[in-house]
Amino acid sequence: MTNERLVELAKEARENARVEISGFKVGAALLTKSGEVIKGSNIEDPSGIGVTNICAERCALVKALSEGFDEFEKIAVVGGADKLIFCAPCGACRQYLNSWCPDIKVVLPAEDGKIKEYSMSELLPYSFNETF
Ligand code: ZN
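For the sequence shown, the tail end lands on 149 under our numbering, and the numbers increase by one without skipping.
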């Protein structure tokens, strides 16, 4: 699957974001090594407390893991309020992605539309990766 297509699927996922608090919608499309795409969007806690907000990347990854997928190729992420901006994963998502799939590529479109692919070691150098 091309990065362009994966970004389009992330844009579709973004439409399901539940962001009544911030209005900042994020979508993710996670490509498994067997070719399935699992979508995720950010889901905010409508109470506004904020501690239970879920990012699109972790939404997609948890959905995939809970459905039995455990090998991943790439994840595309798009986000923005009114218009899309460069939207790299937050620190929590970087750690989570690195813990579950350190070899995954993260596909991010820039504001000019150019799509780049990043490794986890680029996004999270000197990471904590002890496994128990
Ligand atoms: Zn995040």
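Quick reminder that beta carbons are idealized off the backbone N, C-alpha and C, glycines included.
Proximity to residue i [Cα-Cα], best of the options
i      : options                        : result
ARG31  : LEU141, ASP120, CYS104, LYS122 : CYS104
CYS76  : LEU101, VAL123, GLY44          : GLY44
PHE145 : TRP117, GLY40, ILE71           : TRP117
SER51  : ASN59, PHE86, ARG22, VAL24     : PHE86
ILE55  : PRO126, GLY40, VAL24, ALA127   : VAL24
LEU82  : LEU48, PRO126, MET137, LYS42   : LEU48
LEU141 : LEU114, GLU53, ALA93, GLU128   : LEU114
GLY96  : ILE66, GLU29, ASN20            : GLU29
ASP99  : ARG35, PHE41, MET18            : PHE41
ARG111 : ALA27, LEU78, ILE38            : LEU78
LEU26  : ASP129, GLU139, GLU53, GLU61   : GLU53
The ligand ZN heavy atom lying under 7 angstroms from the CB of residue i
i      : result
GLU32  : no
CYS104 : no
ALA210 : Outside the modelled stretch of the chain, which goes from 18 to 149, sits residue 210, for which no answer is possible.
GLU74  : yes
Terminal residues of the beta strand (DSSP E) in which residue i lies
i      : result
SER138 : Per DSSP, SER138 belongs to no beta strand (DSSP E); it is in the alpha helix (DSSP H), 137 to 140.
LEU82  : Counting along the chain, LEU82 falls outside any beta strand (DSSP E), though it belongs to the alpha helix (DSSP H) covering 73 to 83.
Counterpart residues of residue i in DSSP-defined beta bridges
i      : result
ARG35  : ILE60
THR49  : PHE89
GLU134 : VAL124
LYS42  : GLY97
VAL24  : In DSSP, VAL24 forms no bridge with anything.
VAL54  : LEU48
ILE102 : GLY96
Residue i - containing alpha helix (DSSP H), residue span
i      : result
LEU114 : 108 to 117
Exposed unless 16 or more other CB atoms sit within 10 angstroms - verdict on residue i
i      : result
ALA46  : buried
VAL68  : exposed
SER64  : exposed
GLU74  : buried
GLY137 : According to the sequence as given, residue 137 is Met; it is not Gly. Buried, by the Cβ-count rule.
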